[in-house]
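The next block holds one structure in the form of structure tokens; read it before the comments.
Number of protein chains: 2
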Amino acid sequence: MKTILVLGAGLSSSSLIRYLLDHSTENDWQIRIVDRDMSLVQQKIGGHKNGVALSFNALEASERLPEIEKADLVISMLPARFHLEVAEDCISTKTNLITPSYISPEMRALDDRAKAAGIVIMNEIGVDPGLDHMSAMKIIHAIQGKGGEITSFKSFCGGLVAPESDNNPWNYKFTWNPRNVVLAGQGGAASFIQDGQYKYIPYNRLFGRLHNISIDGFGDFVGYANRDSLSYRETYGLENIPTIYRGTLRRPGYCVAWDVFIELGMTDDSYSMTNTEDMTPRSFLNAYLPYHQSMPVEEKFKLFLREDRMDLFDRFKWLGIFKDKPLVGLDSPTPAQALQKILVDKLSLEDGDKDMLVMIHEFEYRLNGEKHAITSHMVNLGEDEVYTSMSNTVGLPAAICAKMILNGTLKSAGVTLPVQPEVYTPILDELEKFNISFIEKRRTI
Amino acid sequence: MKTILVLGAGLSSSSLIRYLLDHSTENDWQIRIVDRDMSLVQQKIGGHKNGVALSFNALEASERLPEIEKADLVISMLPARFHLEVAEDCISTKTNLITPSYISPEMRALDDRAKAAGIVIMNEIGVDPGLDHMSAMKIIHAIQGKGGEITSFKSFCGGLVAPESDNNPWNYKFTWNPRNVVLAGQGGAASFIQDGQYKYIPYNRLFGRLHNISIDGFGDFVGYANRDSLSYRETYGLENIPTIYRGTLRRPGYCVAWDVFIELGMTDDSYSMTNTEDMTPRSFLNAYLPYHQSMPVEEKFKLFLREDRMDLFDRFKWLGIFKDKPLVGLDSPTPAQALQKILVDKLSLEDGDKDMLVMIHEFEYRLNGEKHAITSHMVNLGEDEVYTSMSNTVGLPAAICAKMILNGTLKSAGVTLPVQPEVYTPILDELEKFNISFIEKRRTI
Numbered sequence: 002m003k004t005i006l007v008l009g010a011g012l013s014s015s016s017l018i019r020y021l022l023d024h025s026t027e028n029d030w031q032i033r034i035v036d037r038d039m040s041l042v043q044q045k046i047g048g049h050k051n052g053v054a055l056s057f058n059a060l061e062a063s064e065r066l067p068e069i070e071k072a073d074l075v076i077s078m079l080p081a082r083f084h085l086e087v088a089e090d091c092i093s094t095k096t097n098l099i100t101p102s103y104i105s106p107e108m109r110a111l112d113d114r115a116k117a118a119g120i121v122i123m124n125e126i127g128v129d130p131g132l133d134h135m136s137a138m139k140i141i142h143a144i145q146g147k148g149g150e151i152t153s154f155k156s157f158c159g160g161l162v163a164p165e166s167d168n169n170p171w172n173y174k175f176t177w178n179p180r181n182v183v184l185a186g187q188g189g190a191a192s193f194i195q196d197g198q199y200k201y202i203p204y205n206r207l208f209g210r211l212h213n214i215s216i217d218g219f220g221d222f223v224g225y226a227n228r229d230s231l232s233y234r235e236t237y238g239l240e241n242i243p244t245i246y247r248g249t250l251r252r253p254g255y256c257v258a259w260d261v262f263i264e265l266g267m268t269d270d271s272y273s274m275t276n277t278e279d280m281t282p283r284s285f286l287n288a289y290l291p292y293h294q295s296m297p298v299e300e301k302f303k304l305f306l307r308e309d310r311m312d313l314f315d316r317f318k319w320l321g322i323f324k325d326k327p328l329v330g331l332d333s334p335t336p337a338q339a340l341q342k343i344l345v346d347k348l349s350l351e352d353g354d355k356d357m358l359v360m361i362h363e364f365e366y367r368l369n370g371e372k373h374a375i376t377s378h379m380v381n382l383g384e385d386e387v388y389t390s391m392s393n394t395v396g397l398p399a400a401i402c403a404k405m406i407l408n409g410t411l412k413s414a415g416v417t418l419p420v421q422p423e424v425y426t427p428i429l430d431e432l433e434k435f436n437i438s439f440i441e442k443r444r445t446i
Numbered sequence: 002m003k004t005i006l007v008l009g010a011g012l013s014s015s016s017l018i019r020y021l022l023d024h025s026t027e028n029d030w031q032i033r034i035v036d037r038d039m040s041l042v043q044q045k046i047g048g049h050k051n052g053v054a055l056s057f058n059a060l061e062a063s064e065r066l067p068e069i070e071k072a073d074l075v076i077s078m079l080p081a082r083f084h085l086e087v088a089e090d091c092i093s094t095k096t097n098l099i100t101p102s103y104i105s106p107e108m109r110a111l112d113d114r115a116k117a118a119g120i121v122i123m124n125e126i127g128v129d130p131g132l133d134h135m136s137a138m139k140i141i142h143a144i145q146g147k148g149g150e151i152t153s154f155k156s157f158c159g160g161l162v163a164p165e166s167d168n169n170p171w172n173y174k175f176t177w178n179p180r181n182v183v184l185a186g187q188g189g190a191a192s193f194i195q196d197g198q199y200k201y202i203p204y205n206r207l208f209g210r211l212h213n214i215s216i217d218g219f220g221d222f223v224g225y226a227n228r229d230s231l232s233y234r235e236t237y238g239l240e241n242i243p244t245i246y247r248g249t250l251r252r253p254g255y256c257v258a259w260d261v262f263i264e265l266g267m268t269d270d271s272y273s274m275t276n277t278e279d280m281t282p283r284s285f286l287n288a289y290l291p292y293h294q295s296m297p298v299e300e301k302f303k304l305f306l307r308e309d310r311m312d313l314f315d316r317f318k319w320l321g322i323f324k325d326k327p328l329v330g331l332d333s334p335t336p337a338q339a340l341q342k343i344l345v346d347k348l349s350l351e352d353g354d355k356d357m358l359v360m361i362h363e364f365e366y367r368l369n370g371e372k373h374a375i376t377s378h379m380v381n382l383g384e385d386e387v388y389t390s391m392s393n394t395v396g397l398p399a400a401i402c403a404k405m406i407l408n409g410t411l412k413s414a415g416v417t418l419p420v421q422p423e424v425y426t427p428i429l430d431e432l433e434k435f436n437i438s439f440i441e442k443r444r445t446i
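See below:
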């Protein structure tokens, strides 16, 4: 019997745990799951005989280490900053490790030691990062295998609300950590390269320079630039590509409206506001509008919007930003925290709502003197509020990878990413059974 | 004979050193001046018999301490981050200390120890901070002395180019550290209070929300908000004032044009640009404009400016931002560093140029049921490129304060600011002899 230790039983672990339990009997696995919240673990295990519920503080090395010693494989769903500590434990106990988070330089530096210990440390095997790497590398390797030269790669991903649950003027609901959505794009300019020209977009322009994208049957989307597109040249082995761009997808209208919050200064997380005991959405907004002796906040906000953005007014009104009811539970918040509070009240998934994960890659390449284009897209809908598309697309790649490590399909040791055919091919194949599949279109340009 | 030790002989020390030497014989002072650049010290001393030129690294405690032990008073013109170390040395050697820089919480915490040592540690005794405190407190104390209640205090200061040397389309030249001008307003929103309403202005709006100000004989100015106006309520003892605002002055048109650089992202100092070996002003600008296959940078920039700002185009052209000549001497610069390089080439003081320091306070107060207003302004022109207005207004308050400490006029020990009548009255009186004087206007409103 093989033992899998799952660290963390939050929302993002639902589909991962279900897959592991569903495949535990045939594979002779015991799934040991730890979270500080015992009821969360028990709920996820649902009485399955191969599941063992544990409750301790997995962030404490001394509490974590005995369990890691027992395991053949650890899947860490902890906050990303703890992965390095867990990796050290896994090296010392010769235990394989999977994380869905971005690989850090410090994690990368453990490669030799992981190899010496004979273990796999697989990183970035969720959806973004994860599924994006796998689905892109499949096409990149196919083009390169025919002798083609890739000249442009643009890639977009977005966690959105499913069309059937899309019933608000923002065409958006939080399907992931709201704080990350409020802070999206902060901390330095977005950088990419287009036709050999390096381009930088500052935060205050990010939601104003957009790509338009349509997907048959799902309508229109817009993409705004992710912070760092340049590093993907190395990740994908495309060092000399003239154009590389990665972006995040939203429905049309969202970004231009979000830009209003940025321009007002309401997404800032760098300082705490003063005198906020009685703060209401209205007084919060008013703090970012010029003083006027008598003009109502609505009128000042309209002046701020300008004529050309006046069609956005109703989106903001719907959010309740003109209401004068106190925002409770906030203690000297940053503007970003106050804004998050307002948004979460209106933009959360409701009972019965489904989410939607959209990914699209756009390639251009030269082959035998001709220019070609490939687009590849995936749209996946969630099952319900627990087994969301976000949970499925994050958890299933990690779960399938776990199976491959334990059954010996995945042999190479060391600190790695899912960018090699022996990793991504079986995972992409199995994901199709879960309706996570890509549709390719080709044309000559 | 009393000994004064001056740490640092840069541009900001010129007028300070001249005053100390000019008054050294009558007061029986020896002025010991240290800078790493010996020629700079010798140039400032100009062979004066009471000046002693020293060259060592004043940032090194072991090199500095023997000189501090010899001195009765230290004037530190070092970068602000070193003042605390110097203050520790001054406490241990019981030596008085003057710095023109903002008082830090750590510096404030030395108050008891400074008192125990019987020394004065006078901070913020330059122009801004310094002259602003003294000239404002004189009026505040006068109003309060009559029983008036101050309801509004707005204060502006700007280092500008004198009208006779104002010959470029930006109506601006660097009279102080250009880096600080490029980074002005970064690092958190500007905050102030108006009629009891807390107001925040994010960086991307800072140069767009302006106050208009006119001064007889000197024309029009605009003010943009300084980062923190709120803390001045405590400094000036105006804790419950409904309106307090501090701003920086520029000539009309400067701010709206500067805002274009901010909106483009060219003032960011948080990341290094990639592939900048052959960077020119033109390619630097192009990195912040959208990609286009064939449209020239000038046309893309015009689209960015929009019709309503098209009158600014010539300012940018005059700066040379469309030129394709490499920017030399920059190694992977931040955008702010690259922009500074372009600006310094065009906006520096030239031989014979004079600078100008402008300060204006606007008060409103209630007295005996009536509302009154007082404005108080000061315009000071520099003598030349060495004895600039900036150097005079920074150095002379510190120098006069040095005299007051050494001749026993200023008696109170401890860590302090120039906000008490016994400090500011003699200093403001003597500054009038140097043409640094305020003109007050009063009216009933």
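Residue numbers (the numbering used here), protein chains in the order written: chain R, 2 to 446; chain Z, 2 to 446.
Positions of the beta carbon are idealized from the N, C-alpha and C atoms, including for glycine.
Here the structure is a predicted model, which is why all the values come from computation and not from measurement.
Check                                                                                                                     : Outcome
Integer Cβ distance of P179 (chain R) from V387 (chain R), believed to fall under 8 Å                                     : Not confirmed; about 18 Å, so no contact.
Terminal residues of the beta strand (DSSP E) in which V416 (chain Z) lies                                                : 415-417
Check whether L348 (chain Z) and W171 (chain Z) have beta carbons under 8 Å apart                                         : yes
Every unbroken alpha helix (DSSP H) inside the segment 266-342 of chain Z [4 residues or more]                            : 282-287, 298-306, 314-320
Neighbour list for Y255 (chain R) in chain Z, Cβ cutoff strictly below 7 Å                                                : Near Y255 (chain R) there are no residues of chain Z at all, since even the closest Cβ is about 19 Å away, more than 7 Å.
Span separating the alpha-carbon of L358 (chain R) from that of P419 (chain R)                                            : 20 Å
Closer than 7 Å at the beta carbon, the chain Z residues around N276 (chain R)                                            : Y199
Contacting residues, own chain, Cβ-Cβ under 8 Å from I437 (chain R) (five flanking each side not counted)                 : L132, M379, N381, N393, T394, L397
is_contact[A163 (chain R), chain Z] using C-beta, thresh 8 Å                                                              : no
Given 8 Å, three or more beta-carbon pairs between the segment 94-101 of chain Z and the segment 21-41 of chain Z         : no
heavy atom of the ligand ADP below 7 Å from P179 (chain R) C-beta                                                         : Although the ligand ADP was asked about, the structure shown includes no ligands whatsoever.
Selection from Z:A403, Z:F364, Z:K404 that minimises the alpha carbon distance to K139 (chain Z)                          : Z:F364
Through-space distance from D167 (chain R) to G186 (chain R), alpha-carbon basis                                          : 24 Å
CA nearest to the CA of F285 (chain Z), picked from R:K200, R:R251, R:S230, R:L211                                        : R:K200
Through-space distance from L85 (chain R) to C402 (chain R), alpha-carbon basis                                           : 20 Å
The segment 116-128 of chain Z touching the segment 320-339 of chain Z, judged by at least three CB pairs closer than 8 Å : no
Per-residue contacts from D269 (chain R) into chain Z (C-beta, under 7 Å)                                                 : A190, P203
Partner residues on chain Z for E264 (chain R), Cβ-Cβ distance less than 9 Å                                              : P203, N205, R206
S14 (chain Z) versus M78 (chain Z): straight-line alpha-carbon distance, rounded                                          : 7 Å
F262 (chain R) in three-state terms, based on DSSP                                                                        : helix
Within chain R, the residues that A288 (chain Z) reaches when beta carbons sit closer than 8 Å                            : Q198, Y199, K200, Y201
Under 8 Å by beta carbon: chain Z residues contacting P291 (chain R)                                                      : K200, R210
Secondary structure of I216 (chain R), DSSP reduced to three states                                                       : strand
Residue environment, G383 (chain Z), which counts as buried when at least 16 other CB atoms sit within 10 Å               : buried
Under 9 Å from the C-beta of L231 (chain R): neighbouring residues of chain Z                                             : T275
Three-way DSSP call (helix, strand, coil) for M360 (chain R) in this model                                                : strand
Contact between the segment 191-206 of chain Z and the segment 275-289 of chain R (3+ Cβ pairs under 8 Å)                 : yes
Chain Z residues whose Cβ lies nearer than 8 Å to that of Q338 (chain R)                                                  : What Q338 (chain R) touches in chain Z: nothing, since even the nearest Cβ is about 14 Å away.
K412 (chain R) to R307 (chain R) span [Cα, whole Å]                                                                       : 60 Å
Classification of G353 (chain R) by the beta-carbon crowding that lies within 10 angstroms, buried from 16 upward         : exposed
Backbone CA spacing between C256 (chain R) and F222 (chain Z) [nearest angstrom]                                          : 36 Å
Within chain R, the residues that Q145 (chain Z) reaches when beta carbons sit closer than 9 Å                            : Result: empty, since nearest Cβ-Cβ is about 24 Å, beyond 9 Å.
Cβ neighbour criterion (16 or more within 10 Å) applied to D260 (chain R)                                                 : buried
Min CB distance Y272 (chain Z) to chain R below 8 Å                                                                       : yes
Separation of M311 (chain R) from R444 (chain Z), as counted between CA atoms                                             : 42 Å
For G238 (chain Z) and E107 (chain Z), the rounded distance between their alpha carbons                                   : 21 Å
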